[in-house]
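For the sequence shown, UniProt numbering assigns the number 1 to the initial residue and increments by one for each residue that follows.
Beta carbons are placed, not taken as given, at the ideal position from N, Cα and C, and that holds for glycine.
To keep things clear, I will list the structure first and then write my remarks on it.
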Amino acid sequence: MASASANPYVIRLFGILEENRSGPPGIVMEFMEYGSLFTLMERVDTIPWALKFRIIYQVTLGMNWLHNLPTPLLHLDLKTRNVLLNEELHIKITDFGLSKFTSCHGADDCDGVGGTLEYMPPEAFQEGYKPSTSTDVYRF
Numbered sequence: 001m002a003s004a005s006a007n008p009y010v011i012r013l014f015g016i017l018e019e020n021r022s023g024p025p026g027i028v029m030e031f032m033e034y035g036s037l038f039t040l041m042e043r044v045d046t047i048p049w050a051l052k053f054r055i056i057y058q059v060t061l062g063m064n065w066l067h068n069l070p071t072p073l074l075h076l077d078l079k080t081r082n083v084l085l086n087e088e089l090h091i092k093i094t095d096f097g098l099s100k101f102t103s104c105h106g107a108d109d110c111d112g113v114g115g116t117l118e119y120m121p122p123e124a125f126q127e128g129y130k131p132s133t134s135t136d137v138y139r140f
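Next up, the structure:
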């Protein structure tokens, strides 16, 4: 995932704190001043069309980049809570906790798919389902 930090629409990862006395290891990422797209949608009555189109376009560019890495990366939990905004309202895709590289297809650890139920494609509930880039497209 560290190589994914090279894209302007994917959150930059600075490091991992392994020695955390009060709990599990921590992740140090760039700060996004405006919070999540979910929060923005709750705070304002309407989002201008120009901003909606820009957000959609930037998410598309970020996901396209992830899907076209030498070994494509599936996000598998793309949703408004995982799209962060900076003070200029430009986006960064975040939360790669469920992500998988497509090279794991066919391996036991890639069976099924997790994620947020409301955003899962219908075929994810079929026996033997394997996630693909189409999974991320449906979630978007």
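For the 9 Å CB-CB criterion, isoleucine 93 and valine 137 do not form a contact. Spatial neighbours of serine 36 in its own chain (CB-CB distance under 6 Å, excluding positions within 5 residues in sequence) are listed in chain order as Arg81, Leu84. In summary, leucine 78 is buried, with 16 or more beta-carbon neighbours lying within 10 Å of its beta-carbon over all protein chains present.
Threonine 135 places its beta carbon less than 9 Å from that of alanine 124. When DSSP states are grouped into helix, strand and coil, lysine 92 belongs to the strand group. Taking tyrosine 129 as the centre and dropping the five residues before and after it, the same chain places the C-beta of Glu123 closer than 6 Å to its C-beta, in chain order.
Where isoleucine 16 is concerned, there is no enclosing alpha helix (DSSP H), although the beta strand (DSSP E) around it starts and stops at 13-17. In the same chain as asparagine 7, and ignoring 5 residues on each side of it, the C-beta atoms closer than 7 Å to its own belong to Gly62, Trp65, in chain order.
Between the beta-carbon of asparagine 86 and that of methionine 32 there is about 5 Å, and that keeps the pair under the 8 Å contact cut. Residue range 49-67 is occupied by the alpha helix (DSSP H) that includes methionine 63, with no beta strand (DSSP E) assigned at that position.
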